[in-house]
Amino acid sequence: MKNLITACFFFLALAANAQSLNEKGLYIDSEGNLFSGVITSLNNNVKLEMDVKDGIISGKATYFFASGKVMEAGMMANGSKDGQWTRYNENGMTSAIGFYAAGKKSGTWIVYDEAGKKRMEMNYSNGEKTGTWTSWDETGSVASTKVYGVAINTLIFKRKAAFLSGFFCCTFVGM
1 MKNLITACFF FLALAANAQS LNEKGLYIDS EGNLFSGVIT SLNNNVKLEM DVKDGIISGK
61 ATYFFASGKV MEAGMMANGS KDGQWTRYNE NGMTSAIGFY AAGKKSGTWI VYDEAGKKRM
121 EMNYSNGEKT GTWTSWDETG SVASTKVYGV AINTLIFKRK AAFLSGFFCC TFVGM
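Numbering (this note's numbering), first residue to last: 1 to 175.
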């Protein structure tokens with residue numbers, strides 16, 4: 001009986017703190033006021049915690065594996081990814097680091113294999129592929145190099161191309 005009462009209080013507290021989106025896409029509390037605080041959601045065994053300020057997702061955002069370990073973490077600004085985002089494997093090792101500016105890929109992105117070796121380095125500007133992209137094989141030797149131009153986003157040259165199997169290639173979860 002004591003457990004039943006505790007469970008009832010838990011669910012009542014959860015319902016009292018529920019947030020929803022209004023017609024403008026802003027988070028509001030149960031009284032219709034703009035929400036500020038931390039929102040937690042669960043989707044396909046992936047838990048998400050994100051900061052909300054004045055109804056807008058801004059601040060820290062963290063995705064968790066079903067095990068509770070951090071899957072991905074970064075910052076949000078005005079509802080978009082912004083700044084550094086880091087992805088982890090189930091063992092807690094860094095598998096990728098990337099950057100966003102106002103929701104668009106920006107700067108240097110690096111991908112690591114399960115052993116923690118750098119396997120790929122890519123560059124973005126305003127969401128477009130740019131600069132030199134390099135991949136390395138299991139031994140650390142350059143497997144391929146590609147150079148992209150910002151304006152036309154096309155491959156300028158390719159050398160010693162090789163397929164790199166079994167590593168994560170920077171598709172970050174989420175928004």
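Virtual Cβ for every residue (Gly too), placed ideally from N, Cα, C. Everything numeric in this text was worked out from a predicted model, so none of it was measured.
| task | Apply the 10 Å Cβ neighbour rule to Ser141 and answer buried if 16 or more other Cβ atoms are within range, or exposed otherwise. | result | Here residue 141 refers to the residue found at position 141 when the sequence shown is read from its first residue. It is exposed - the Cβ of Ser141 has fewer than 16 other Cβ atoms within 10 Å.
| query | Mapping DSSP to helix, strand and coil, what is Lys129? | reply | Here the question's residue 129 lines up with position 129 in the sequence shown. Correct three-state label for Lys129: strand.
| query | Can the beta-carbon of Glu128 be found less than 8 Å from the beta-carbon of Thr108? | reply | Translated into positions along the sequence shown, residue 128 becomes position 128. Translated into positions along the sequence shown, residue 108 becomes position 108. No.
| query | Can you give the Cα-Cα distance for Phe64 and Ser20, rounded to whole angstroms? | reply | Residue mapping note: residue 64 aligns to position 64 of the sequence shown, counting from 1. Residue mapping note: residue 20 aligns to position 20 of the sequence shown, counting from 1. Cα to Cα, the separation comes out at about 21 Å.
| query | How big is the Cα-Cα spacing for Glu90 and Gly68? | reply | Residue mapping note: residue 90 aligns to position 90 of the sequence shown, counting from 1. Residue mapping note: residue 68 aligns to position 68 of the sequence shown, counting from 1. Spanning the two alpha carbons is a distance of roughly 10 Å.
| 4 or more residues per run - each alpha helix (DSSP H) lying fully within the region 22-53 | none
| said: I need the boundaries of the beta strand (DSSP E) containing Phe64, first residue and last residue. | reply: The residue you call residue 64 lines up with position 64 of the sequence shown. Phe64 -> beta strand (DSSP E) spans 56-64.
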